[in-house]
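In the working numbering, the protein residues as written are 1 to 342.
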């Protein structure tokens, strides 16, 4: 029968031989799949009959500790690293983190990219649409909430559908009770409260979707980001979803020009930022992108399909005139904002 110390050294050597970076410490309790586990049953998944015969058990006081080695690779067990702290939304890790909330925020990063920009008078949101297959239609990424408000979504479409229904109900209540459009900040705050409840109650799951809320009210244009954690922030420009960092880099370079920009300029900037999130072999076309616009004297509306071709042509003209780089030219008249779908 192997001693616990001998098995510990044997396991360490095996890990080192596989040249994994997981074992940066001698504490095996930090390595998923090879952690010391307190079990009262027989050895799990032995690598060989010899290991099963020896049982690989060690007694320590009144506890029986079993070191077990699975036949799978270490990579398979990296997901076990946080298991003791992510079984429920109400469990805090020693570092003060809620892992299930972080997982929900990772779901947003898996969705196709969405970009939002606002000037002093208008807000434009753009989104990439995905298709599950060649025989399927493209998913919807932009949802109208009211005449003065719309959202772009990244993440789980089903969760977005639930939240958009809630937002529409709140907007309708405001019209029926107060005979006025619902202020954008109020509905965003309600969404944040609704999402936050799912981060502190046992048995709940955080919403796996991020929202860009574009709206215009008496206080002016607004562009909010709502996260699964319940946090929300007001932005001049923002991007969420897959490869969104590339779009953020573009927006950070040009955001100072957005305040006094026309709607056409905002659209061109948005298309350029959205284009940076594409894979190298992909291009923007009338099928895979959409734009939503709302602003002073302009009700929320989306542009999709054939209506997008005009704006894609405008983007090409601006790129040609600017030599393929830089900000769009000032004379960008005639272009209108585009709609965003999922």
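Beta carbons: idealized from backbone N, C-alpha and C, even for Gly.
Rounded C-alpha distance that separates residue i from residue j
{"i": "residue 10", "j": "residue 252", "result": "52 Å"}
{"i": "residue 141", "j": "residue 315", "result": "21 Å"}
{"i": "residue 243", "j": "residue 275", "result": "10 Å"}
{"i": "residue 184", "j": "residue 171", "result": "10 Å"}
{"i": "residue 175", "j": "residue 279", "result": "43 Å"}
{"i": "residue 134", "j": "residue 96", "result": "44 Å"}
{"i": "residue 105", "j": "residue 159", "result": "13 Å"}
{"i": "residue 101", "j": "residue 283", "result": "33 Å"}
{"i": "residue 193", "j": "residue 107", "result": "20 Å"}
{"i": "residue 122", "j": "residue 263", "result": "7 Å"}
{"i": "residue 126", "j": "residue 166", "result": "22 Å"}
{"i": "residue 257", "j": "residue 204", "result": "43 Å"}
{"i": "residue 50", "j": "residue 85", "result": "With a pLDDT of 47 at residue 50, under the threshold of 50, the modelled position of that residue is not reliable, and the figure given next carries that caveat. Their backbone Cα atoms lie some 34 Å apart in a straight line."}
{"i": "residue 173", "j": "residue 317", "result": "45 Å"}
{"i": "residue 177", "j": "residue 299", "result": "22 Å"}
{"i": "residue 235", "j": "residue 302", "result": "21 Å"}
{"i": "residue 6", "j": "residue 103", "result": "38 Å"}
{"i": "residue 157", "j": "residue 109", "result": "13 Å"}
{"i": "residue 168", "j": "residue 161", "result": "11 Å"}
{"i": "residue 308", "j": "residue 265", "result": "15 Å"}
{"i": "residue 295", "j": "residue 281", "result": "34 Å"}
{"i": "residue 312", "j": "residue 164", "result": "29 Å"}
{"i": "residue 206", "j": "residue 230", "result": "9 Å"}
Environment of residue i [buried if 16+ CB atoms lie within 10 Å]
{"i": "residue 233", "result": "exposed"}
{"i": "residue 221", "result": "buried"}
{"i": "residue 199", "result": "buried"}
{"i": "residue 68", "result": "Low per-residue confidence applies at residue 68: pLDDT is 41, beneath 50, and the placement is therefore not dependable, though the value from the model is reported in the following sentence. Result: buried."}
{"i": "residue 277", "result": "buried"}
{"i": "residue 180", "result": "exposed"}
{"i": "residue 297", "result": "exposed"}
{"i": "residue 225", "result": "buried"}
{"i": "residue 137", "result": "exposed"}
{"i": "residue 272", "result": "buried"}
{"i": "residue 47", "result": "Model confidence at residue 47 stands at a pLDDT of 45, short of 50, so the residue's coordinates are unreliable and nothing is read from them."}
{"i": "residue 304", "result": "buried"}
{"i": "residue 98", "result": "buried"}
{"i": "residue 320", "result": "exposed"}
{"i": "residue 267", "result": "buried"}
{"i": "residue 249", "result": "exposed"}
{"i": "residue 259", "result": "exposed"}
{"i": "residue 219", "result": "exposed"}
Among the options, the one whose alpha carbon lies nearest that of residue i
{"i": "residue 286", "options": "128, 264, 6", "result": "128"}
{"i": "residue 223", "options": "130, 254, 283, 293", "result": "293"}
{"i": "residue 112", "options": "245, 219, 255", "result": "245"}
{"i": "residue 270", "options": "254, 178, 320", "result": "254"}
{"i": "residue 202", "options": "319, 87, 321, 318", "result": "87"}
{"i": "residue 132", "options": "301, 288, 317, 304", "result": "288"}
{"i": "residue 261", "options": "120, 229, 110", "result": "120"}
{"i": "residue 346", "options": "227, 182, 281, 130", "result": "Nothing can be reported for residue 346, as the shown portion of the chain is limited to 1 through 342."}
Residue i: CB within 7 Å of a non-hydrogen atom of the ligand COA
{"i": "residue 172", "result": "Questions concerning the ligand COA fall outside what the structure shown contains, since it holds no ligand whatsoever."}
Are at least three pairs of beta-carbons, each pair with one atom in the stretch 207–222 and one in the stretch 141–151, less than 8 Å apart? yes
Do the stretch 195–212 and the stretch 148–159 make contact, defined as three or more Cβ pairs closer than 8 Å?
yes
Inter-stretch contact at 8 Å, needing at least 3 Cβ pairs: the stretch 183–193 / the stretch 89–107: no
Quiz item: Given 8 Å as the limit, is there contact between the stretch 237–244 and the stretch 107–118, that is, 3 or more CB pairs closer than that?
Solution: yes
- Query: At what residue ranges does the stretch 88–129 contain a whole run of the beta strand (DSSP E), taking only runs of 3 or more?
  - Reply: 114–118, 122–128
ask   = In chain order, which continuous runs of the beta strand (DSSP E) of length 3 or greater are located wholly inside the stretch 128–184?
value = 142–146, 149–155
Contiguous alpha helix (DSSP H) assignments of at least 4 residues, all confined to the stretch 224–304:
244–254, 263–275
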